[in-house]
Amino acid sequence: MEVVILKSAKSVAATAGDLVAELLRVQPAAVLGLATGSTQLALYRYLVQQYLHGGLSFKQATSFNLDEYLGVAAENPQSYRAYMDREFFDHIDIDKHNTHLPDCGETENPRLVGPLYEQKIRDAGGIDLQLMGIGGNGHIGFNEPSSSLRSRTRVKTLTKQTLEDNGRLFKKDEFQPKLAITMGIATIMDARRVLLLATGQSKAEAVAKMVEGPISAMCPASVLQMHERATILLDEDAAAGLSNRDYYDWTHLQNESLKARFGGEHG
Ligand code: GLP
95 MEVVILKSAK SVAATAGDLV AELLRVQPAA VLGLATGSTQ LALYRYLVQQ
145 YLHGGLSFKQ ATSFNLDEYL GVAAENPQSY RAYMDREFFD HIDIDKHNTH
195 LPDCGETENP RLVGPLYEQK IRDAGGIDLQ LMGIGGNGHI GFNEPSSSLR
245 SRTRVKTLTK QTLEDNGRLF KKDEFQPKLA ITMGIATIMD ARRVLLLATG
295 QSKAEAVAKM VEGPISAMCP ASVLQMHERA TILLDEDAAA GLSNRDYYDW
345 THLQNESLKA RFGGEHG
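Just so we're aligned: the sequence shown equals residues 95 to 361 in my numbering.
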């Protein structure tokens, strides 16, 4: 697990965005795993700027989002499909036919969505780079505490904490979904590279458990300790609970100097 602590939330977005851009430069038809949430907004803004002014193209890329609410139609502004269109897809050159979310039509059986989504990911050749945030309770996607570490895309019931955390995004009388369809933890672990972004003090405790706690279904993000290529990008506030901080900074310096001498990992 590579832990990188940066000065600000803005640097977290820029560093993640540069990694996405670097991947697309060498592999224009890459398969991206995408996420929603407020943490990702700065990243999408950065990538849109790179598309508009930096020569970045998503034309050949394919994407799979981590999760989608159940019982919220795509046209509803609260759906994750609407979020992705509004914040990202509408502003870049990606072919929307190649953008996927685990959404469930009104008459569709939600239990069948997961296996189909898994098949689509396999058909696309698997995910090259999975972006994600972390919930205040350590969830990734909507894999809530106690989720099976071997889970696949399926329906999950949201915890009360998640409903409260995300409640700020819903108006008083608006329907707030209590169910979602999310990639499973094993689905996420299959991604060839994982990039988790966390910013702000409200994430400090979950980040410390993820990086330095035991691997446990009670902190689903902790399973990333077992991923071969997981990078955790943090701002100072989100890193505040880490006890091994000096080592992460020291490692980052060594990696930067290796990069300066030998180039980025994509050459
Ligand atoms: C939601 C999403 C998660 C995301 C989390 C954190 O619950 N399903 O994928 O990581 O929110 O969101 P935020 O970045 O808004 O804190």
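Beta carbons: idealized from backbone N, C-alpha and C, even for Gly. For clarity, every value in this text was computed on a predicted model and none was experimentally measured.
Closer than 7 Å: residue i CB and nearest ligand 1 heavy atom
i, result
"methionine 283", "no"
"leucine 117", "no"
"aspartate 161", "yes"
"isoleucine 228", "yes"
"glycine 235", "yes"
"glycine 131", "yes"
"asparagine 260", "yes"
"threonine 256", "yes"
In DSSP terms, what residue i is bridged to
i, result
"threonine 156", "Val125"
"methionine 226", "Leu290"
"glutamate 162", "Ile275"
"valine 97", "Ile326"
"serine 151", "DSSP lists no partner for serine 151."
"threonine 130", "Paired residues: none, contrary to the question."
"threonine 193", "Ser157"
"cysteine 313", "Ser310"
Local Cβ density within 10 Å of residue i, reported as buried at 16 or more and exposed below that
i, result
"glycine 232", "buried"
"glutamine 295", "exposed"
"proline 264", "Note on residue identity: the sequence assigns phenylalanine, not proline, to residue 264. Exposed."
"glutamine 348", "exposed"
"lysine 266", "exposed"
"leucine 206", "exposed"
"alanine 285", "buried"
"glutamate 322", "exposed"
"tyrosine 163", "buried"
"aspartate 189", "exposed"
Nearest-angstrom beta carbon gap, residue j and residue i [assumed within contact, 8 Å]
i, j, result
"valine 289", "leucine 113", "Going by the sequence as given, residue 289 is leucine instead of valine. That belief holds up - the Cβ atoms of leucine 289 and leucine 113 are roughly 6 Å apart, short of 8 Å."
"isoleucine 228", "valine 301", "7 Å"
"valine 125", "leucine 328", "Actually they do not touch by this definition, with Cβ atoms about 25 Å apart."
"arginine 248", "glycine 199", "In fact, because the Cβ distance is near 17 Å, the residues do not count as touching under 8 Å."
"alanine 370", "lysine 250", "What the structure shows of the chain is the stretch from 95 to 361, and residue 370 is not part of that stretch, so it cannot be assessed."
"alanine 123", "glutamine 154", "4 Å"
"asparagine 192", "serine 157", "7 Å"
"alanine 107", "tyrosine 140", "5 Å"
"phenylalanine 182", "valine 142", "7 Å"
"methionine 287", "aspartate 222", "It should be pointed out that residue 287 corresponds to arginine in this sequence rather than to methionine. Indeed they touch by this definition, with Cβ atoms about 7 Å apart."
"aspartate 161", "glycine 235", "5 Å"
Distance cut-off 7 Å: residue i Cβ against heavy atoms of ligand 3
i, result
"alanine 354", "Because ligand 3 does not appear in the structure shown, any question about it cannot be addressed here, the ligands present being ligand 1."
>> Give the list of continuous beta strand (DSSP E) stretches no shorter than 3 residues that lie fully inside the segment 212-272.
In response: 223-226 and 248-251
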